[in-house]
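Peer 1: Can you read through this structure? Questions will come right after.
Protein chains: 2
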Amino acid sequence: MNDPRANLTVSGALLDGEMVGVRCVDGVIEAIGPEVAAAPGEEAVEANGGHLVAPLVNGHTHAAMTLFRGSAGDLPLMPWLQERIWPVEAKLEAEDVYWGARLACAEMLRTGTTRFWDMYWHPEATARAVADAGIRATIGAPLFDHGRSAEEMRRSALASLDHLSGLGPAVSPALAPHSIYMVSEESLRWIAALGAEREVPIQIHLSETQQEVEDCIAAHGERPAFYLDRLGMLNERTVLAHGVWLDPEELALVGERGATVVTNPVANMKLAVGGVFPHPPARAAGVAVGLGTDGAGSNDSLDLFADLKAFALIQKHAAADPTAIDAAEAWAVASGARAPLLGAGEPLRPGAVADFLLLSPDAPELGIGELTADLVYAAAGSVVDTTVVGGRVLMRGGELPWLGEIVARAGERARRLGL
Amino acid sequence: MNDPRANLTVSGALLDGEMVGVRCVDGVIEAIGPEVAAAPGEEAVEANGGHLVAPLVNGHTHAAMTLFRGSAGDLPLMPWLQERIWPVEAKLEAEDVYWGARLACAEMLRTGTTRFWDMYWHPEATARAVADAGIRATIGAPLFDHGRSAEEMRRSALASLDHLSGLGPAVSPALAPHSIYMVSEESLRWIAALGAEREVPIQIHLSETQQEVEDCIAAHGERPAFYLDRLGMLNERTVLAHGVWLDPEELALVGERGATVVTNPVANMKLAVGGVFPHPPARAAGVAVGLGTDGAGSNDSLDLFADLKAFALIQKHAAADPTAIDAAEAWAVASGARAPLLGAGEPLRPGAVADFLLLSPDAPELGIGELTADLVYAAAGSVVDTTVVGGRVLMRGGELPWLGEIVARAGERARRLGL
Numbered sequence: 001m002n003d004p005r006a007n008l009t010v011s012g013a014l015l016d017g018e019m020v021g022v023r024c025v026d027g028v029i030e031a032i033g034p035e036v037a038a039a040p041g042e043e044a045v046e047a048n049g050g051h052l053v054a055p056l057v058n059g060h061t062h063a064a065m066t067l068f069r070g071s072a073g074d075l076p077l078m079p080w081l082q083e084r085i086w087p088v089e090a091k092l093e094a095e096d097v098y099w100g101a102r103l104a105c106a107e108m109l110r111t112g113t114t115r116f117w118d119m120y121w122h123p124e125a126t127a128r129a130v131a132d133a134g135i136r137a138t139i140g141a142p143l144f145d146h147g148r149s150a151e152e153m154r155r156s157a158l159a160s161l162d163h164l165s166g167l168g169p170a171v172s173p174a175l176a177p178h179s180i181y182m183v184s185e186e187s188l189r190w191i192a193a194l195g196a197e198r199e200v201p202i203q204i205h206l207s208e209t210q211q212e213v214e215d216c217i218a219a220h221g222e223r224p225a226f227y228l229d230r231l232g233m234l235n236e237r238t239v240l241a242h243g244v245w246l247d248p249e250e251l252a253l254v255g256e257r258g259a260t261v262v263t264n265p266v267a268n269m270k271l272a273v274g275g276v277f278p279h280p281p282a283r284a285a286g287v288a289v290g291l292g293t294d295g296a297g298s299n300d301s302l303d304l305f306a307d308l309k310a311f312a313l314i315q316k317h318a319a320a321d322p323t324a325i326d327a328a329e330a331w332a333v334a335s336g337a338r339a340p341l342l343g344a345g346e347p348l349r350p351g352a353v354a355d356f357l358l359l360s361p362d363a364p365e366l367g368i369g370e371l372t373a374d375l376v377y378a379a380a381g382s383v384v385d386t387t388v389v390g391g392r393v394l395m396r397g398g399e400l401p402w403l404g405e406i407v408a409r410a411g412e413r414a415r416r417l418g419l
Numbered sequence: 001m002n003d004p005r006a007n008l009t010v011s012g013a014l015l016d017g018e019m020v021g022v023r024c025v026d027g028v029i030e031a032i033g034p035e036v037a038a039a040p041g042e043e044a045v046e047a048n049g050g051h052l053v054a055p056l057v058n059g060h061t062h063a064a065m066t067l068f069r070g071s072a073g074d075l076p077l078m079p080w081l082q083e084r085i086w087p088v089e090a091k092l093e094a095e096d097v098y099w100g101a102r103l104a105c106a107e108m109l110r111t112g113t114t115r116f117w118d119m120y121w122h123p124e125a126t127a128r129a130v131a132d133a134g135i136r137a138t139i140g141a142p143l144f145d146h147g148r149s150a151e152e153m154r155r156s157a158l159a160s161l162d163h164l165s166g167l168g169p170a171v172s173p174a175l176a177p178h179s180i181y182m183v184s185e186e187s188l189r190w191i192a193a194l195g196a197e198r199e200v201p202i203q204i205h206l207s208e209t210q211q212e213v214e215d216c217i218a219a220h221g222e223r224p225a226f227y228l229d230r231l232g233m234l235n236e237r238t239v240l241a242h243g244v245w246l247d248p249e250e251l252a253l254v255g256e257r258g259a260t261v262v263t264n265p266v267a268n269m270k271l272a273v274g275g276v277f278p279h280p281p282a283r284a285a286g287v288a289v290g291l292g293t294d295g296a297g298s299n300d301s302l303d304l305f306a307d308l309k310a311f312a313l314i315q316k317h318a319a320a321d322p323t324a325i326d327a328a329e330a331w332a333v334a335s336g337a338r339a340p341l342l343g344a345g346e347p348l349r350p351g352a353v354a355d356f357l358l359l360s361p362d363a364p365e366l367g368i369g370e371l372t373a374d375l376v377y378a379a380a381g382s383v384v385d386t387t388v389v390g391g392r393v394l395m396r397g398g399e400l401p402w403l404g405e406i407v408a409r410a411g412e413r414a415r416r417l418g419l
């Protein structure tokens, strides 16, 4: 693994059918093209004809929930949360979160994700895991005032924001009110104002279940997106996780306000929320859309290649129309190209951050057919051979350093928690 | 790769939480347990603590359609078949089918599938690929009399049956009438009688689209399962691929007759047929159920681990109930334990055929949580480290011999066909 300040040159990579090299200096792509070759003495990576592609961005997860993987699946959302998740989360220590998040970072880097948006306890431990892993993340402490005082929530919000703001370019802070059912109207207003003042993004679960929508209408006389808008929390710095039940008027409003929806199709199906995020009308309404895995407790994979396919499949199924979404659109959503706020999806060109993947030149899934179609429908994360973040080679030849130790330590923490 | 007649001993494998060895003699498991150790001079495989699990069975595919991967996706079923598939299939040579099927066999062995059911042109070429790959398959030539004479179809059925019957234990013959809309009533009766006479299984696409059901009712006054039953084609040797639109009366009939349904959830979603095979009521009606990928042209992966998860997810989604199916049931379906006709799903014990998988001891997806839940929801086929079929080690350390050459040759054949 090279030094973050060193230069890196990749050669022999396939981009749009052409063999190219990529020269990275100080974490940025300096040059890309057929003429680029490694300078003597610099770190060089030979792609052996593997495809060069942009990485993926996981727009919504709870990284440390790898600790909850494979326990208490096959349950509905509320019993799962109330009986199996929350009692264990009450016992979580920072070190649990660190190793759970390290495992998540390892799995994401292995499968082509170089940036994620996180909402979880002990966010400072997740931030430390992100820095140690070399990945990028936008992180927020889960904020709520049900079951605790608004004052306590405010202290948590301010403390986490201060802590997460000073950690360098790999970690960005966010405010993360859990949901409209776990945070009071007054506290949502306060968080919205704080987000505006500090110019940080706000991520919130919204419209995951039909019950949530019905409860919102009963309590506030309006649907969730309109409720958030009235509180000042719907704008171009807002990420709405799920959005399954957004209706056409809400989609128009979300599009107008410039907010982003992150759809989590696998978690939605696993928890059987019953609906599907209406992607075609959302795009028609100009809504920015990203893709997330949600936490490994409700998925249970963090391989966004798999979820990218699930996203395309469930959109086709829900519309009963195989043309409802095509491979190029699914890939664009997963790579962040349809949601600028997520901080990814920039084309690979001089001046862009040096985050990219080299795919295995031997992957049988990519040997025949159109590349994007194969990436969406045939590939899994195992086609990723090399992962580069900020010009640093974090994985090479499909082998991630320290993986064995990370798996072992995360396993110890899970057993400590009785999982 | 060891000789098929040689003995093999596996040691250090994890089975139900216990470290065991497996001794295989002449393709059969002779002993399994903690006391089993390799004899000097025999081939030995050290599992290093990796899990020992039964392999998966792909109950419905068109193996050589790997050649069609990544081309003309995102189209509805009929235009896809009529405009993009059939014109190319008219040009297929046996050598195309051989290399397409070799690629399919390689991908299946890599991802834990050791047996598949195939329906495709030049079945003798698929059979040759199966033998060369060391996998197992039940193979049928697609039979139809629309667009050609019934006499021509009968010749094809008899010739393929004769050819496929003498190929040793790895290949079993089947009759494969394409569908009720491609085969006349008279020919279906003839095929049913031939199947009974020769005691071979019959596989047929059934109830894939709603249109097919409506057309059947319009033409024959009854739904597809009742139509097949009247023609003598619904019994314990019948495999119905898809079964999306089987209604409760049909499920009761299929259960009573002992026929097997193979569900293909990914292909059904990709082609957006609009419905979901009703698994919970089918099981309640006693229907035998298996899982298939369908051809790589309409999936486009042959990784049954991925489809196993898609199967569980779409069942939960369709029922709007996360308890509609659990991990154990999804795994049982994919491993063949719910469909004896498919020829897999036997528990690993002395006397059973020596077909099994060793999973990677380092797979991060399997380090935390309950094994079956992790296999279904967290794993992909890349967790398979070693694949053993009939006591022969076909893959070791995730590396399949000849893969590079197979990918290259299949690619050449696809380009020859203009794909």
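Protein sequence lines correspond, in order, to chains A and B. Mapping of the first sequence onto this note's numbering: residues 1 to 419, in sequence order. Mapping of the second sequence onto this note's numbering: residues 1 to 419, in sequence order. Positions of the beta carbon are idealized from the N, C-alpha and C atoms, including for glycine.
Could you give the distance in angstroms between the alpha-carbon of E35 (chain B) and the alpha-carbon of G21 (chain B)?
Peer 2: So the two alpha carbons sit approximately 7 Å from each other.
Peer 1: Can you tell me which of the three DSSP states G140 (chain B) falls into?
Peer 2: DSSP places G140 (chain B) in strand when its eight states are reduced to three.
Peer 1: Which residues mark the beginning and the end of the alpha helix (DSSP H) in which A6 (chain A) is found?
Peer 2: First-last for A6 (chain A): undefined, no H or E at that position.
Peer 1: Taking 6 Å as the limit between beta carbons, can you name the residues of its chain near W99 (chain A), skipping five residues before and five after?
Peer 2: Once the five neighbours on either side are set aside, the close Cβ partners of W99 (chain A) are R409, A410, R413.
Peer 1: Give the DSSP bridge partners of N58 (chain B), in chain order.
Peer 2: Its beta-bridge partners are B:F116.
Peer 1: Would you grab the beta carbon distance between A157 (chain A) and A141 (chain A) for me? Rounded to a whole angstrom, and I think it's under 8 Å.
Peer 2: Contact holds; Cβ gap of about 7 Å.
Peer 1: Which chain A residues sit within Cβ distance under 8 Å of T61 (chain B)?
Peer 2: Within chain A, no residue comes near T61 (chain B); the closest Cβ sits about 14 Å away, beyond 8 Å.
Peer 1: Report back the beta-carbon spacing between L302 (chain B) and L77 (chain B) to the nearest angstrom; my notes put them in contact at under 8 Å.
Peer 2: Their Cβ separation, rounded to whole angstroms, is 19 Å, which puts L302 (chain B) and L77 (chain B) out of contact at 8 Å.
Peer 1: Give the secondary structure of R23 (chain A) by DSSP, where H, G and I count as helix, E and B as strand, and everything else as coil.
Peer 2: It is a strand residue.
Peer 1: Report the option in B:G343, B:L400, B:P123, B:T387 whose CA atom is closest to the CA atom of V289 (chain B).
Peer 2: Selected option, being the one with the closest Cα: B:G343.
Peer 1: By DSSP, does L400 (chain B) sit in helix, in strand, or in coil?
Peer 2: In the structure shown, L400 (chain B) sits in coil (DSSP, three-state: anything other than H, G, I, E or B).
Peer 1: Quick one: what's A44 (chain A) bridged to in DSSP?
Peer 2: BP columns for A44 (chain A) point to A:T9.
Peer 1: Hey, would you say S71 (chain B) sits closer than 8 Å to E46 (chain B), going by beta carbons?
Peer 2: No, the Cβ-Cβ distance between S71 (chain B) and E46 (chain B) is not below 8 Å.
Peer 1: Can you give me the C-alpha to C-alpha distance between D385 (chain A) and S335 (chain A), rounded to a whole angstrom?
Peer 2: One C-alpha to the other measures close to 17 Å.
Peer 1: Of all the residues that make up the region 92-104 of chain A, which are near chain B by a beta-carbon distance shorter than 8 Å?
Peer 2: So the close ones are L103.
Peer 1: Using a Cβ-Cβ distance under 8 Å, would V25 (chain A) count as near chain B?
Peer 2: It does not; no Cβ of chain B falls within 8 Å.
Peer 1: Please classify G381 (chain B): does DSSP put it in a helix, a strand, or coil?
Peer 2: G381 (chain B) falls in the helix class under three-state DSSP.
Peer 1: Residues bridged to I32 (chain A) by DSSP?
Peer 2: Paired residues: A:V22.
Peer 1: Name the chain A residues that come within less than 7 Å of D74 (chain B), Cβ to Cβ?
Peer 2: Going along chain A in sequence order, the residues near D74 (chain B) (Cβ under 7 Å) are P322, T323, D326, A327.
Peer 1: Would you call the CB atoms of A44 (chain A) and T9 (chain A) closer than 8 Å?
Peer 2: Yes, these two residues count as a Cβ contact at 8 Å.
Peer 1: For the region 170-186 of chain B, enumerate the residues whose C-beta is nearer than 8 Å to any C-beta of chain A, in chain order.
Peer 2: Answer set for the region 170-186 of chain B: empty.
Peer 1: In angstroms, rounded to a whole number, what distance separates the CA positions of I180 (chain B) and N235 (chain A)?
Peer 2: The alpha-carbon atoms of I180 (chain B) and N235 (chain A) are separated by roughly 55 Å.
Peer 1: What is the DSSP secondary structure of H279 (chain A), counted as helix, strand or coil?
Peer 2: Reduced to three states, the DSSP call for H279 (chain A) is helix.
Peer 1: For T364 (chain A), which residues in chain B fall below 7 Å Cβ to Cβ?
Peer 2: Checking the sequence shown, residue 364 (chain A) turns out to be Pro, not Thr. L103, A106, E107, L403, V407, listed in chain order.
Peer 1: Take E30 (chain B) and list the residues in its own chain whose beta-carbon comes closer than 7 Å to its own, dropping the five residues that flank it on each side.
Peer 2: Once the five neighbours on either side are set aside, the close Cβ partners of E30 (chain B) are R23, C24, P350.
Peer 1: Relative to the alpha-carbon of M119 (chain B), which residue among B:E93, B:G17, B:P177 has its alpha-carbon at the smallest distance?
Peer 2: Of B:E93, B:G17, B:P177, the residue nearest in Cα terms is B:P177.
Peer 1: Per DSSP, what kind of secondary structure is S207 (chain A) in: helix, strand or coil?
Peer 2: Note: S207 (chain A) maps to coil in three-state DSSP.
Peer 1: Considering only C-alpha positions, which residue in the set B:L348, B:L228, B:S360 is nearest to A389 (chain B)?
Peer 2: The identity of residue 389 (chain B) in the sequence shown is Val, whereas the question assumes Ala. Comparing Cα-Cα distances from V389 (chain B) to each of B:L348, B:L228, B:S360, the minimum goes to B:L348.
Peer 1: Excluding the five sequence neighbours on either side, which residues of its own chain have a C-beta within less than 7 Å of the C-beta of H205 (chain A), listed in chain order?
Peer 2: These residues qualify, in order along the chain: H178, S179, A241, H242.
Peer 1: What's the gap between the Cα of V213 (chain B) and the Cα of D294 (chain B)?
Peer 2: Looking at the two C-alpha atoms, the distance is approximately 20 Å.
Peer 1: Could you check what DSSP says for I406 (chain A) in three-state terms: helix, strand or coil?
Peer 2: DSSP places I406 (chain A) in helix when its eight states are reduced to three.
Peer 1: Compute the minimum distance between the beta carbon of V171 (chain B) and the heavy atoms of the ligand ADP, and state whether it is under 7 Å.
Peer 2: This structure simply doesn't include the ligand ADP, nor any ligand for that matter.
Peer 1: Does the region 59-68 of chain B come close enough to the region 96-112 of chain B to have 3 or more Cβ pairs within less than 8 Å?
Peer 2: Touching, per the Cβ criterion.
Peer 1: Can you tell me where the beta strand (DSSP E) holding G290 (chain B) begins and where it ends?
Peer 2: Segment 288-291, the beta strand (DSSP E) holding G290 (chain B).
Peer 1: Apart from the five residues on each side of it in sequence, which residues of its chain come closer than 8 Å, Cβ to Cβ, to L417 (chain B)?
Peer 2: Contacts found: L67, V88, K91, L92, D96.
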